[in-house]
Amino acid sequence: SQQGEEDPQALSIQEGENATMNCSYKTSINNLQWYRQNSGRGLVHLILIRSNEREKHSGRLRVTLDTSKKSSSLLITASRAADTASYFCAPQSGGYQKVTFGTGTKLQVIP
Amino acid sequence: EPEVTQTPSHQVTQMGQEVILRCVPISNHLYFYWYRQILGQKVEFLVSFYNNEISEKSEIFDDQFSVERPDGSNFTLKIRSTKLEDSAMYFCASSLGGWDEQFFGPGTRLTVL
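Protein chains in written order, with this note's numbering: chain A, 591 to 701; chain B, 389 to 501.
As structure tokens, this is what we get:
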């Protein structure tokens, strides 16, 4: 299995702006999942994108996947203060069911 | 919306004691997991469980750890003899299939004194 590497490590934006977070991974995947974690709290599943998909939407979230570049991005549009959290990408690959977390992108949305 | 639940939310124990952390996965899910997060560190995989047996485990999941699905709804993690370094937030997760979304519970904060 492998972990995703999120970039940037930290991002600070004004409320209403869009936030883009990137994820890179090393080997081929079955799918890639994005999660959110508020400080000291549980992990909230945001979106799963499979290796044969290129883009997925859920509300204000848009995830893209480029398997040729082994990268994914998460776009949050019209950000809100409540979006302040850490965001993780978690690839699933090979014969493993586990997801492997990196260090995440810490997003701060300033009201 | 169905959710994964965990009890207790916080457990304090003395070093060397046994603890059991409990989880109720989403009812129709077939795959169950435990992860942990030491304060300030990454979320780490411990074990996955399917069809009443462990399907994968990490190096962290040594002989001190065990998992069980004692009935149709609960999924437990037992630590036989806790160490100070076991202090962490423990998350249970479940998924319908092995390659589907994993839904996490709110976690149990374990403090070993």
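The beta carbon of each residue, even a glycine, is placed where N, CA and C say it ideally should be.
Treat the numbers as computed from the prediction; the structure is a model and nothing was measured.
- Below 8 angstroms, enough C-beta pairs join the stretch 392 to 411 of chain B and the stretch 454 to 470 of chain B to call them touching: three or more.
- Here residue 597(A) has 612 as same chain residues with Cβ atoms under 6 angstroms from its own Cβ, once five neighbours each way along the sequence are excluded.
- By the beta-carbon neighbour count (other beta carbons within 10 angstroms, threshold 16), residue 396(B) is exposed.
- Cβ-Cβ distances below 6 angstroms link residue 490(B) to 481, 483 in the same chain, with the five nearest sequence neighbours on each side left out; the list follows chain order.
- The three-state reading of DSSP puts residue 668(A) in coil, since its state is none of H, G, I, E or B.
- If you look at residue 656(A), you'll find it in the beta strand (DSSP E) that goes 651 to 656.
- Annotated as proximal: residue 619(A) and residue 682(A), with beta-carbon spacing under 8 angstroms.
- For the stretch 432 to 461 of chain B, the set of positions with a beta-carbon nearer than 7 angstroms to some beta-carbon of chain A reads 433, 436, 443, 444 in chain order.
- Residue 701(A) and residue 668(A) do not touch by the CB rule: their CB atoms are close to 13 angstroms apart, not below 8 angstroms.
- From the beta-carbon of residue 491(B), the residues of chain A found nearer than 8 angstroms are 635.
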